[in-house]
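Q: Numbering (this note's numbering), first residue to last: 320 to 602.
Heads up, the beta-carbon is just placed ideally off N, CA and C, and yes, glycines get one too.
The structure under discussion is supplied below as structure tokens; questions concerning it will follow.
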Amino acid sequence: RIVFLNGSFLPIEEARVPFMDRGFLFGDGVYEGIGVLDGRLVDNEAHLERLERSLAEVRIPNPYSPAEWTALEEEIVRRNGMTEGFIYFQVTRGVAERDFFFPEDAKPTVAMFTQAKTIADAPAARTGIAVVTVPDLRWARRDVKSINLLAQVLAKQAAKEAGAQEAWMVEDGYVTEGGSSSAFIVTTGGSIVVRPLSQAILPGITRKSLLRLSQEDGIPLEERRFTVEEAHGAAEAFLTSASNFVLPVVSIDGRPVGEGKPGPITRRLRELYLQMARAPASL
Ligand code: PMP
320 RIVFLNGSFL PIEEARVPFM DRGFLFGDGV YEGIGVLDGR LVDNEAHLER LERSLAEVRI
380 PNPYSPAEWT ALEEEIVRRN GMTEGFIYFQ VTRGVAERDF FFPEDAKPTV AMFTQAKTIA
440 DAPAARTGIA VVTVPDLRWA RRDVKSINLL AQVLAKQAAK EAGAQEAWMV EDGYVTEGGS
500 SSAFIVTTGG SIVVRPLSQA ILPGITRKSL LRLSQEDGIP LEERRFTVEE AHGAAEAFLT
560 SASNFVLPVV SIDGRPVGEG KPGPITRRLR ELYLQMARAP ASL
């Protein structure tokens, strides 16, 4: 397995990050995750725009241009012979003696790896998954894709221990988002409901594409918050993320959603998303 670290491609066993890296000591860094289907990067430009924004918000200089990032992503996919899966990369503020203030002369640490994974034919897409709701314990700038994921680690582990595959995090009675996904419901009237963008959630790239596709398909959209109670009574529910695209949610807190199986609108949206991910965006 070949990874990328600070300018070089090398076997993962040889990739070492210094002890004093601020990513390790402070979680002082941001990341991105991009889906790969048929060997193609899915929604890459939008992911690189979000990276640019995350870096600017935490004042870490972006070490590469979008064209340079894209070349690295394509190279790591090629070197690992990956046709379907996920590219992860992170940028930390670099290596310096431990001190909270920004170091004067540190260079950002850049690390990238791939994970081969079946996305298009994932069994979970046919069966749907279970989610449980948990309190959202995260910081107040969730629009920044920070590598600090302790709250999500705890939320998703709680979900696993409850027999579910994802946690939906809840603040003031309203669902914010999934531990590593955007959360959607479909009303009994057939409208998609999704929380509007704000500092309370990550601006999901898959969410953005899905909303465009659903609008083009004429599916009504209500961009507003929804409560746990409304989710329990929804006709359908689903989540979106770069590593899963669109996944049906068939139970919430142990209660079936709708008929307890993937619903027609969710299946339609997954199909539209797969078509988009497969077809070159040359139209
Ligand atoms: N919310 C959170 C908290 C996430 O970690 C992710 C996955 N990165 C998402 C939403 C989905 O975002 P995207 O569609 O860009 O993968």
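Measuring from the CB of Glu496, is there a heavy atom of ligand 1 at a distance below 7 Å?
A: Here residue 496 refers to the residue found at position 177 of the sequence shown. Yes; taking the cut-off as 7 Å, the Cβ of Glu496 has a heavy atom of ligand 1 nearer than that.
Q: I need the straight-line Cα distance from Arg461 to Ala430, nearest angstrom please.
A: Position 142 of the sequence shown, counted from the start, is the residue given in the question as residue 461. Position 111 of the sequence shown, counted from the start, is the residue given in the question as residue 430. Straight-line Cα distance between these residues: approximately 22 Å.
Q: Thinking Thr559 and Leu529 are a contact (beta carbons under 8 Å), I'd like their distance in whole angstroms, please.
A: Translated into positions along the sequence shown, residue 559 becomes position 240. Translated into positions along the sequence shown, residue 529 becomes position 210. Approximately 5 Å separates the beta-carbon atoms of Thr559 and Leu529; this is inside 8 Å, confirming the contact.
Q: Would the beta-carbon of Leu370 be found less than 7 Å away from any heavy atom of ligand 1?
A: Position 51 of the sequence shown, counted from the start, is the residue given in the question as residue 370. Result no, Cβ not under 7 Å from ligand 1.
Q: If I measure Cβ to Cβ from Gln484 and keep anything under 8 Å in the same chain, skipping five residues before and after, which residues do I get?
A: Here residue 484 is taken as the residue at index 165 of the sequence shown, counted from 1. Counting only Cβ-Cβ distances below 8 Å, and skipping sequence neighbours, we find Ala443, Ile448, Ala449, Val450, Ala478.
Q: Within the continuous alpha helix (DSSP H) that includes Gln534, where are the two ends?
A: Position 215 of the sequence shown, counted from the start, is the residue given in the question as residue 534. Note, Gln534: alpha helix (DSSP H), 524 to 535.
Q: What does Met431 pair with, by DSSP beta-bridge criteria?
A: Taking the first residue of the sequence shown as position 1, residue 431 is located at position 112. Answer is Phe323, Phe408, bridged to Met431.
Q: Alpha carbon to alpha carbon, what distance is there between Arg587 and Arg445?
A: Mapped onto the sequence shown, residue 445 falls at position 126. Mapped onto the sequence shown, residue 587 falls at position 268. In this model, Arg445 and Arg587 are separated by some 12 Å (Cα to Cα).
Q: Whole angstroms is fine: what's the gap from Ile571's alpha carbon to Glu590's?
A: Here residue 571 is taken as the residue at index 252 of the sequence shown, counted from 1. Here residue 590 is taken as the residue at index 271 of the sequence shown, counted from 1. Going by the C-alpha atoms only, they are around 23 Å apart.
Q: Measuring only the C-alpha atoms, how far is Leu324 from Pro539?
A: Here the question's residue 324 lines up with position 5 in the sequence shown. Here the question's residue 539 lines up with position 220 in the sequence shown. Cα to Cα, the separation comes out at about 44 Å.
Q: From this set, Gln518, Gly342, Gly508, which residue's C-alpha is nearest Val552's C-alpha?
A: Within the sequence shown, the letter at position 233 stands for residue 552. Reading off the sequence, residue 552 comes out as Gly, not Val. Answer by Cα proximity: Gly508.
Q: Which stretch, first to last residue, makes up the beta strand (DSSP E) that contains Gly348?
A: Your numbering for residue 348 matches position 29 in the sequence shown. First-last of the beta strand (DSSP E) with Gly348: 348 to 356.
Q: In whole angstroms, what is the alpha-carbon distance linking Val453 and Ser501?
A: Taking the sequence shown and counting its residues from 1, the one referred to as residue 453 is at position 134. Taking the sequence shown and counting its residues from 1, the one referred to as residue 501 is at position 182. About 15 Å.
Q: What are the boundary residues of the beta strand (DSSP E) that Val505 is part of?
A: Against the sequence shown, residue 505 aligns to sequence position 186. Residues 501 to 505.
Q: What is the residue span of the alpha helix (DSSP H) that Tyr493 lies within?
A: The residue given as residue 493 occupies position 174 in the sequence shown. Looking at the DSSP string, Tyr493 is not in any alpha helix (DSSP H); the run it does join, the beta strand (DSSP E), is 493 to 497.
Q: Fully enclosed by the segment 422 to 489, which beta strand (DSSP E) runs are 3 residues long or longer?
A: 428 to 435, 448 to 454
Q: I'd like to know whether the C-beta atoms of Ala365 and Lys527 end up nearer to each other than 8 Å.
A: Within the sequence shown, the letter at position 46 stands for residue 365. Within the sequence shown, the letter at position 208 stands for residue 527. For Ala365 and Lys527, yes; Cβs fall inside 8 Å.
Q: Please confirm whether any heavy atom of ligand 1 lies closer than 7 Å to the CB of Leu521.
A: Working through the sequence shown from its first residue, we reach residue 521 at position 202. Yes, ligand 1 has a heavy atom inside 7 Å of this Cβ.
Q: Under the criterion of a Cβ to heavy atom distance below 7 Å, does Ser570 qualify as lining ligand 1?
A: The residue labelled residue 570 in the question sits at position 251 within the sequence shown. Not under cutoff, so the answer is no.
Q: Does the segment 407 to 422 touch the segment 341 to 355, meaning 3 or more C-beta pairs lie closer than 8 Å?
A: yes
Q: When the Cα atoms are used, what is the spatial distance from Glu333 to Ser533?
A: As a first step, residue 333 is located in the sequence shown; it is residue number 14 there, counting from the start. As a first step, residue 533 is located in the sequence shown; it is residue number 214 there, counting from the start. So the alpha carbons of these two residues sit roughly 45 Å apart.
Q: Classify Trp388: buried if its beta carbon has 16 or more other beta carbons within 10 angstroms, exposed otherwise.
A: On the sequence shown, position 69 is the one that residue 388 refers to. By the Cβ-count criterion, Trp388 is buried, with 16 or more other Cβ atoms from all chains shown falling within 10 Å of its own Cβ.
Q: When you compare each of Glu351, Phe432, Val336, Arg398 to Asn381 by their alpha carbons, which one comes out closest?
A: As a position in the sequence shown, residue 381 is number 62, starting the count at 1. Cα-wise, what sits closest to Asn381 is Glu351.
Q: Measuring only the C-alpha atoms, how far is Val494 from Val513?
A: Taking the first residue of the sequence shown as 1, we reach residue 494 at position 175. Taking the first residue of the sequence shown as 1, we reach residue 513 at position 194. In a straight line, the C-alpha of Val494 is about 9 Å away from that of Val513.
Q: For Tyr383 and Pro337, I'd like the C-alpha separation in whole angstroms.
A: For this step, residue 383 is matched to residue 64 along the sequence shown. For this step, residue 337 is matched to residue 18 along the sequence shown. C-alpha separation (whole angstroms): 21 Å.
Q: Quick check: is any heavy atom of ligand 1 less than 7 Å from the C-beta of Arg320?
A: Within the sequence shown, the letter at position 1 stands for residue 320. Arg320: no, Cβ never under 7 Å from ligand 1.
Q: Using only alpha-carbon positions, find the residue among Ala481, Ala415, Glu490, Thr437 that is nearest to Gln518.
A: Residue mapping note: residue 518 aligns to position 199 of the sequence shown, counting from 1. For Gln518, the nearest C-alpha among the options comes from Glu490.
Q: Does the beta-carbon of Gly352, which I'm using as the reference point, lie nearer than 7 Å to any heavy atom of ligand 1?
A: The residue given as residue 352 occupies position 33 in the sequence shown. For Gly352, the distance from the CB to the nearest heavy atom of ligand 1 is below 7 Å.
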